[in-house]
Amino acid sequence: MPVPRPTCRLLVSLALLMLGGPTALRAQGQATISGLVTDSLTKRPLVGAEVAVVSDAGTLSGSARVGENGRYSIVTTTVGPVIVRVRLVGYAQAARRLTLRAGDSYTADFLLTERTAQLDQIVVTGTAGVTQRRAIGNVVNTVDASKVLETAPARSVEQLLGARTPGLIVLPATGQVGTGAQLRVRGASSLSLSNDPLVFIDGIRMDASASRGPGQRGGAGASRLNDINPQDIESIEVIKGPAASTLYGTEASNGVIQIITKRGKSGKAKFDFTTRQGSNWLANPEGRTGLLWGRTPSGELFSVNLYEYEKQNGAGPIFTNGRNSGYNANLSGGTDASRYFLSASYDDDVGIVPWNYDKKFSGRVNADVVASKTLNLSGSIGYVRARTRLAQPAIDVDPFSQVVWGNPLTLTSTRRGFQASPPESWRTVESRADVDRTTLSLRANYNPTPWFTHRLTTGLDIGAENNWLLYPRQPLGANDVLGSNGLGTKNVNRNLRTVLTLDYAGSLKYNLGENVNMTSSFGLQHYRNELAGIGASAITFPAGPITTVSGGATRAGTEDYFANASVGMFVQQEAAWRNRVFLTAAVRSDDNSSFGKDFSAIYYPKFSASWVISEEPWFTLPFTESLRLRSALGASGTQPGTFDAARLYDPSVGYQNQPGLVPASFGNPTLRPERSTEFEGGFEATMFDGRTTIEFTRYSRNITDAIVNAPIPPSVGFPGSQVINVGRVSGWGNELAVNYNALRGERVQWEIGTQWSSNRNRIEDMGATQFLTVGGGGQAQNRVGFGIADIFMYKVRSATLDANGNVLSSLCDGGTGRAGLMQGGPDVPCAQAPRVFWGHTQPVWQFGVNSTLTLWKNLRLYARVDGNGGHVQSNTEIRARHNQGTTQAVILRNDPLLQVYRAIEADAPGTYKAGFLRLRDLAATATLAPSWARTLRASAASISVAGRNLSMLWTEQHGWNTSRDGQITVDVANMTSWDPEIRAVGQLSNGFQTILPPTASFVTTLRLTF
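Read in order, the letters of the sequence shown correspond to residues 1248 to 2257 in this note's numbering.
Next comes the structure, spelled out in structure tokens:
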């Protein structure tokens, strides 16, 4: 008997249910979406891009991340109309609408376009939750570390940052490896306090000092910022000025730099290995050394180039090529529930003398865990062990000082013409700056509901420094060329620096109607800095092998402890209209242990607005795809020194060796932080079919309660000066960044980028004081009506000499214009002339331009030119050379201007215009063919060759007709300076002596992915 057809269908269904169980039925209600996500130009897979399926109701129906091959796959139970969206930082968001039917499969491929104006990029703001760039009213610049390292030979964080962001100037390090550069965001703003920005790594505050360890020529030292391995960095965000940094409070008026390290991504494990091998050198040391002059006993004038003299006599070159090498390996991967990033690196860099080296091992472990649907945990541990030996600890053994300040009259002595000692003595002296450092960061993101977000970040930066300077005993003891140092001396300092961060923030999101989204945020922060240091010194060792402090005949010890703590809180309200108009208001309150005891807390308000006007339905502007207008008004501060407010007494040994106290610091119970209020406005635009992006910012700031060191009368009974709040400073500037895709074809792409900024400041008020000197020379001054640390000196116009070179008469600039101190006044006798304005000591403009040419997707050619200027510097080693009598003009006494300057303004003959542009980077990177990579058992491989500091292109002193090695000639007596980029390390540095100039370098880098 045949089975009826309905009964047959029922039996088949029951069989499927029994065999396939619920899986078979569930598959009938599912749809599958898969596809490929690639770069629109290079067609390379965009690994890590997030793909999401969203229903018309806005409900998330499935998501996935793009894998190593650029593919994704999502299975969803939602049927009907959906939107498939793809997002990746640095690329324009893309979306496709699909209509899904149960049981069907769909393909949705995406080509994402890279863009610089990343309105949807997530940025760090200090609040909890996610904040897109479009929502903030101030500029935040992001440096994509991975992209930079693919093309540029950056071996440190400061090189990673240099001239890539308008408004951020990297004031260069010395030519020694291991030393650091200073960072300036929008120039200097404080008369007497730090002008350094705050630096955070993975949400915790870190020690980023440019100069630690034993003092070097020009204030240089080991860089704590460069302890961070650039290969571990994902991106760096630069938050500029008080309007942007209000939520960071006191200490943040100089800007904030956020370092974000790499995190693991979902997918199979990926192993990357990178090695670099190269060399650095000092360009043309023979030519730049110049001539040292003297007279023989018979009165005959002669000269010698000490560098060439050493080579001709078989002693070899003084400066050599130093080998630079580095090795880095990292492993990353994970699942949607847990991800990891592990790295280890070893760097061994040698300077232009073999005993200057920087050996560094570092390791990092980053982990992310989805503990539950409402709790995400992230942790980071970084460790660095650096062993750094520096080469410029003192004049008597500094190679550069010995060359520059040599004396031809001692060529046949044991000094061989050098200033104090010959080369074989230099390497015997050890100047070490060692550190063992750990950074620990823990973050918890708790989202009990979709509208309430909590973030708790805590961590430590702990650095154990071991610094020492050792002169071992020489065989001749005190009869050695080093004099008493030949008996042996040692100074040791062991410091433990700790920075604690505790940061909580919460955000509530809610709606007011369909078009207005509100976000209320609040937070509490606590920071604590501690320094515990023990020092010991010894002199006179009994024998050469004995080099410990306990082996010295005379010993001494010191102990120091410093602590500073701050606590702050903020509230913020943001209103967003249709995700294109954003208004934000916030206020922060801070208290700090360095405030005077009669001053309790300070409040910093903030207001900002952002309007993505191009998303308005009525917007039409020729050639413009996107346009955002923004503005912000905010305040933040700079805290006083740790003990500036306290009345202090120093211990002393008194009558009959009894202990006692003597006055040390008068103190100020009402001392409060400097307050900086800033307004900035600007826009970001994408134009010409996405080929051009433009970012412009104009800012102005007003610093009140500026801290000044005011002299106190001796009758008070305390020495020195009192720290008081009386000053007022104004500042202003412009910032512009333009990126242009000149060619973006399938085989050839050419991108040009440029960054330009200007910054100025003016001292408006210093109470009853009209000017205070900066530094010991008195030429740099903080003077009302002028900029911070501007230089004022006599300007000699003419002079007459007698037959013996004695000054008979001299005329100087009598001054005109502002306060009668501008140059261009009438001639007056120099004895009656004022010190007139010569220029700014801090750069007032910055410029950079870079070009990237990509050929056949596999060869990338990169070049970058950058520089800064609008300021002057004083090379005081020229004054010293005149004083020691080894210059031709001093011996002949025939230069009228020099003879006058030596009597009234000895540093003027070494002062020059310090602006410059140099070829900073030149590189070529080739992506190897897959078959070549496979021979190395790798899935991908690339090789780069790159040079740095290869040529000086332009100087403010000589224009385009400048020496390519950087040497410039000053205006008096035909003297030269090695490089206009040289400057001392200091808050308001304005002069320098015998600092090693920047070195050139060449490096080859191999990158492998497994």
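No residue lacks a Cβ here, since even glycine has one placed at the ideal position from N, Cα and C. A quick note: this is a predicted structure, and the numbers were derived from the prediction, not measured.
DSSP beta-bridge partners of residue i
i, result
"residue 1701", "1693, 1753"
"residue 1773", "1749, 1814"
"residue 2088", "According to DSSP, which records beta bridges pairwise, residue 2088 is partnered with nothing at all."
"residue 1982", "1944, 2004"
"residue 1993", "According to DSSP, which records beta bridges pairwise, residue 1993 is partnered with nothing at all."
"residue 2174", "2189"
"residue 1737", "1717, 1785"
"residue 1285", "1292, 1358"
"residue 1426", "1469"
"residue 1987", "1939, 1999"
"residue 1708", "1686, 1746"
"residue 1921", "1885"
"residue 2166", "2112, 2198"
"residue 2207", "In the DSSP output, where bridge partners are listed per residue, residue 2207 has none listed."
"residue 1899", "1907"
"residue 2301", "Since the first residue of the chain shown is 1248 and the last is 2257, residue 2301 is not available in this structure."
Best match in the options for proximity to residue i [C-alpha to C-alpha]
i, options, result
"residue 1417", "1425, 1429, 2198", "1429"
"residue 2243", "1409, 1424, 1392, 1281", "1424"
"residue 1812", "2212, 1792, 1837, 1794", "1837"
"residue 1279", "1300, 1598, 1303, 1321", "1321"
"residue 1722", "1763, 1787, 1758", "1787"
"residue 1784", "1384, 1739, 1774, 2077", "1739"
"residue 2159", "1323, 1490, 2239", "2239"
"residue 1466", "1453, 1486, 1448, 1427", "1427"
"residue 1805", "1774, 1758, 1742, 1852", "1742"
"residue 1621", "1591, 2174, 1692", "1692"
"residue 1869", "1893, 1932, 1911, 1888", "1932"
"residue 2127", "2222, 1588, 1349, 1974", "2222"
"residue 2016", "2174, 2032, 2119, 2190", "2032"
"residue 1847", "2036, 1892, 1827", "1892"
"residue 1650", "1548, 1558, 2154", "1558"
"residue 1204", "1516, 2057, 1548, 1602", "Any question about residue 1204 goes unanswered here, given that the chain covers just 1248 to 2257."
Distance CB(residue i)-CB(residue j) smaller than 8 Å
i, j, result
"residue 1880", "residue 1854", "yes"
"residue 1296", "residue 1331", "no"
"residue 1481", "residue 1507", "yes"
"residue 1972", "residue 1938", "no"
"residue 1945", "residue 1981", "yes"
"residue 2117", "residue 1835", "no"
"residue 1450", "residue 1432", "no"
"residue 2006", "residue 1488", "no"
"residue 2136", "residue 2142", "yes"
"residue 1438", "residue 1959", "no"
"residue 2219", "residue 2145", "yes"
"residue 1404", "residue 1383", "no"
"residue 1763", "residue 1822", "yes"
"residue 1575", "residue 1521", "yes"
"residue 1436", "residue 1978", "yes"
"residue 1604", "residue 1610", "no"
"residue 1357", "residue 1284", "yes"
"residue 1554", "residue 1533", "yes"
For residue j and residue i, believed in contact at Cβ under 8 Å, the rounded distance
i, j, result
"residue 1582", "residue 1627", "Not quite, the Cβ-Cβ distance comes to about 19 Å (not below 8 Å), so this is no contact."
"residue 1381", "residue 1366", "4 Å"
"residue 1746", "residue 1707", "7 Å"
"residue 2171", "residue 2192", "6 Å"
"residue 2197", "residue 2247", "6 Å"
"residue 1655", "residue 2133", "7 Å"
"residue 2112", "residue 2166", "6 Å"
"residue 2115", "residue 2092", "6 Å"
"residue 2043", "residue 2062", "Not a contact, Cβ separation roughly 13 Å."
**Asked** Going along the chain, which unbroken runs of the beta strand (DSSP E) with 3 or more residues stay wholly within the stretch 1818-1858?
**Response** 1828-1839
**Segments assigned beta strand (DSSP E), at least 3 residues, entirely inside the stretch 2037-2073** = 2037-2040, 2043-2048, 2054-2060
**Prompt:** What are the complete beta strand (DSSP E) segments, minimum 3 residues, inside the stretch 2102-2139?
**Reply:** 2106-2116, 2119-2122
**Request:** Run through the stretch 1560-1632 for me and flag every whole beta strand (DSSP E) of 3 or more residues, listed as ranges in chain order.
**Result:** 1569-1581, 1585-1597, 1604-1617
**Message:** As an exercise, report each continuous alpha helix (DSSP H) stretch of at least 4 residues that is fully enclosed by the stretch 1435-1513, in chain order.
**Reply:** 1488-1492
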